[in-house]
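Since the structure comes first, as structure tokens, the remarks are kept for the end.
Numbering (our numbering), first residue to last: 977 to 1187.
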């Protein structure tokens, strides 16, 4: 009996973890026409640096402060988050597929935990794809276009008017599923970003201050 319950539990976890979203909320659609025929993160292209007011909740920690995101090379970016009194919480750098942790606040120095945070930040900063890379769906509730990229195994939600990426859903198991929201109220550089990862109790809110 116990063995049967355990196997059922394992099967449930496996099925639950196979997709970052409920696919029943989508219907297949025609490809989105977008000029130029592609999408990329606001932290790519001509981006150089930006300062964000930041609120971060992670498990028992509630942190507020400021985050600087700065391009450190053509394919690299550095992120520094410091609290309101100037103490660094983390200072990390992404170089192509490499990840360098220059400093991480000691209570957060858990490899498994920060590996998940790394994946969330990488998804926020480095997405880039064209219409040829994706399968197009429509969200049944909002009628917004949703693009699935098999290379990243992520779903990208678009604003139906501007075709900006306003949401990303990714991760393939219950502990690393994430959802990222982008807000472009002025139609220029992203003004607000929210990262949610329920599996590790993570919420990061970034409010743009200046570039």
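We put the CB at the ideal spot given by N, CA and C, even for glycine.
Since the structure is predicted, the reported quantities are computational estimates derived from the model, not experimental observations.
Sequence-distant partners of residue 1111 (beyond 5 residues in either direction) whose C-beta falls short of 6 Å from its own C-beta, in its chain, are 1124.
With respect to the C-alpha of residue 1010, the residue from 1095, 1105 and 1174 having the closest C-alpha is 1105. Short of 7 Å from the beta carbon of residue 1003, and not among the five residues preceding or following it, lie these beta carbons of its own chain, in chain order: 1113, 1114 and 1116. Residue 1130 and residue 1084 have their C-alpha atoms some 26 Å from each other. Here the alpha carbon of residue 1051 sits roughly 15 Å from the alpha carbon of residue 1097. Following the DSSP letters along the chain, one finds residue 1094 inside the alpha helix (DSSP H) bounded by residues 1087-1101. Counted as a single uninterrupted DSSP element, the beta strand (DSSP E) harbouring residue 1069 occupies residues 1064-1071. In this structure, residue 1080 keeps its C-beta atom at 9 Å or more from the C-beta atom of residue 1152. For the beta strand (DSSP E) assignment, the uninterrupted runs of no fewer than 3 residues enclosed by the segment 1102-1144 are, from N- to C-terminal side, 1104-1106, 1110-1115, 1121-1125 and 1130-1134.
Within its own chain, the residues whose Cβ lies closer than 6 Å to the Cβ of residue 1135, once the five positions on either side in sequence are excluded, are 1142, listed in chain order. Here residue 1043 is actually not in contact with residue 1060; their C-beta atoms are around 12 Å apart, not less than 8 Å. The distance from the Cβ of residue 1053 to that of residue 1065 is about 17 Å, inconsistent with a contact at the 8 Å cut-off. The beta carbon of residue 1159 sits closer than 6 Å to the beta carbons of 1167 and 1168 from its chain, once the five residues preceding and following it are set aside; these are given in chain order. An exposed status is given to residue 1108, since fewer than 16 other beta-carbon atoms sit within 10 Å of its beta-carbon. In the DSSP annotation of this structure, residue 1147 is not part of any beta strand (DSSP E), being labelled neither H nor E. Contact check for residue 1170 against residue 1179 passes: the beta carbons are separated by less than 9 Å. In the DSSP assignment, the residues bridged to residue 1079 are 1067.
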